[in-house]
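Have a look at the structure below, then the notes.
Protein chains: 2
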Amino acid sequence: MRAAFQEMHRSGFRNADLDAILARAGVTKGALYYHFDNKEALGYAVVDEVIASNLYQKWVQPLRNAKNPIDVLIRIVQSESLKREDVQRGCPLLNLSQEMSGLDEGFRRRTAKLYKDWHDAMAGALREGQKRRVVRSDINANETATFLMAAWEGYVVLGKNSQDPRTMQSGQRRVSGHINSLRTA
Amino acid sequence: MRAAFQEMHRSGFRNADLDAILARAGVTKGALYYHFDNKEALGYAVVDEVIASNLYQKWVQPLRNAKNPIDVLIRIVQSESLKREDVQRGCPLLNLSQEMSGLDEGFRRRTAKLYKDWHDAMAGALREGQKRRVVRSDINANETATFLMAAWEGYVVLGKNSQDPRTMQSGQRRVSGHINSLRTA
DNA sequence: TAACATGCATACTAGTTGGTATGTTAGCAG
DNA sequence: CTGCTAACATACCAACTAGTATGCATGTTA
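Structure below.
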């Protein structure tokens with residue numbers, strides 16, 4: 002499944018070559034089709050397990066019981082890799098949802114769930130921060146979380162295309178600045 | 002080329018079926034390969050002509066010699082279709098750059114040029130607005146233009162995946178609100 | 001220990017699709 | 001009327017790739 006994830010991240014799901022995945026994993030078709038009904042089932046499993054796990058490790062868990070969600074969010078944003086090969090591949094969740102959500106309802110539902118988990122983790126942390134008086138009370142946590150996701154993913158898209166590290170740097174500054182503006186005065 | 006654009010918008014470039022394009026256009030392979038060397042050349046032409054033309058009509062031309070760029074930008078954002086089938090297909094430029102920019106330098110350069118034209122149109126209009134004292138002088142036109150593109154494209158991505166018109170509505174409110182905050186007091 | 005299940009590997013099939021080779025027609029020059 | 005070219009149409013090929021049929025080795029159970 003790691004091999005499948007890597008190949009899907011490189012080539013997208015539809016252009017992911019099963020033989021390439023199998024070669025990378027060091028197994029053959031027999032092994033694959035013993036464990037998965039078809040290519041689609043393998044793709045679903047990659048979303049449900051690999052991509053979901055990455056997302057939770059990076060965004061959800063650090064926000065759980067965070068003392069100050071603003072500090073945590075800024076740290077996550079600032080820790081994003083600016084290396085060319087990372088920027089060039091983009092965000093696995095975004096790549097996959099962008100490719101498949103209009104074509105396959107199974108993929109759409111799965112990626113939508115991950116976006117929702119991501120959103121809820123941020124919105125929940127912001128609401129908790131409001132209770133603790135470290136986040137401004139005049140902002141809507143849900144809308145703010147959606148906005149942060151949109152702005153961040155937008156910069157990831159532009160960075161992937163421009164291949165200029167300054168694009169993502171600008172994104173880090175801008176998004177961090179916006180998060181910082183959510184602090185109580 | 003309209004047929005090619007539509008098929009590419011539906012299925013992406015790599016999964017665009019030449020036979021489907023030809024059937025839609027009412028011509029055959031002979032006609033296609035008389036005018037284009039290969040599928041790649043057709044794709045390049047679609048970017049250079051169809052997608053570029055759409056972008057110019059929607060964003061670049063309205064900003065040229067605009068009295069107040071802020072009013073123009075808000076009007077463009079607010080005029081975005083919220084119909085399910087439109088939201089579901091997403092932005093042609095974003096779809097294509099997202100799919101191909103990591104795989105084919107020709108596509109990457111072409112989509113990067115369109116992003117640049119889009120960016121320059123907004124940044125130029127903002128700078129002109131600053132001269133005319135209708136746009137705040139304390140903002141960086143280039144960074145602001147990049148931010149607006151990122152946020153807007155981000156909402157397009159989320160809307161395409163969620164298939165909930167409220168996502169794009171929220172995006173319109175947020176982005177319009179941010180554009181509005183650029184006015185001089 | 002015979003029978004069976006698990007967990008693969010190997011070889012093959014069938015459908016899809018980009019690309020090509022060749023045929024055909026309309027129009028124009030001379 | 002002849003010769004030629006532009007602009008296609010038709011039929012076909014070859015590569016790629018998801019999926020399948022079958023074989024086989026290693027446990028495991030009755």
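Line by line, the protein sequences are chains A and B.
In terms of this note's numbering, the first sequence is residues 2 to 186.
In terms of this note's numbering, the second sequence is residues 2 to 186.
Quick reminder that beta carbons are idealized off the backbone N, C-alpha and C, glycines included.
- Shown here, A/R184 sits in a strand according to DSSP, grouped into three states.
- Scanning A/A113, A/F108, A/R110 and A/E144 for the CA closest to the CA of A/G125 turns up A/E144.
- Taken through DSSP and simplified to helix, strand or coil, B/V135 comes out as coil.
- The Cβ of A/M150 sits closer than 8 Å to at least one Cβ of chain B.
- An exposed status is given to A/L83, since fewer than 16 other beta-carbon atoms sit within 10 Å of its beta-carbon.
- Residue ranges of uninterrupted alpha helix (DSSP H) with 4 or more members, entirely inside the stretch 116-171 of chain B and ordered along the chain, are 142-163.
- Non-local beta-carbon contacts of B/E41 in its own chain, meaning distances under 8 Å to residues more than five positions away in sequence, involve D105 and G107 in chain order.
- Among the CB atoms of chain B, none fall inside 8 Å of the CB of A/S82.
- A straight-line Cα-Cα distance of about 21 Å links B/A53 and B/N39.
- Sorting B/Q170, B/Q131, B/R137 and B/K59 by C-alpha distance to the C-alpha of A/T147 places B/Q170 at the top.
- When C-alpha distances from B/T112 are compared across B/P63, B/L56 and B/V135, the shortest belongs to B/L56.
- For B/F6, the uninterrupted alpha helix (DSSP H) run begins and ends at R3 to S12, by DSSP.
- The Cβ-Cβ distance between B/A17 and A/G172 does not fall below 8 Å.
- Counting only the Cα atoms, A/H10 lies some 31 Å from B/L23.
- Between B/V28 and B/K59, the alpha-carbon positions lie close to 30 Å from each other.
- Contact annotation: A/G13 and B/E100 have beta-carbon atoms nearer than 8 Å.
- DSSP, read as helix, strand or coil, puts B/F108 in helix.
- Collapsing the DSSP output to three states places B/G27 in coil.
- Not one beta carbon of chain B lies nearer than 8 Å to the beta carbon of A/A46.
- In the three-state reduction of the DSSP assignment, B/G44 falls in the helix class.
- Cβ-Cβ separation between A/N181 and B/S102: approximately 31 Å, too far for a contact (criterion under 8 Å).
- Among the residues facing chain A, B/Q131 is not included, as its CB has no counterpart in that chain under 8 Å away.
- Contact with chain A is absent for B/G125, since none of that chain's Cβ atoms lies less than 8 Å from the residue's Cβ.
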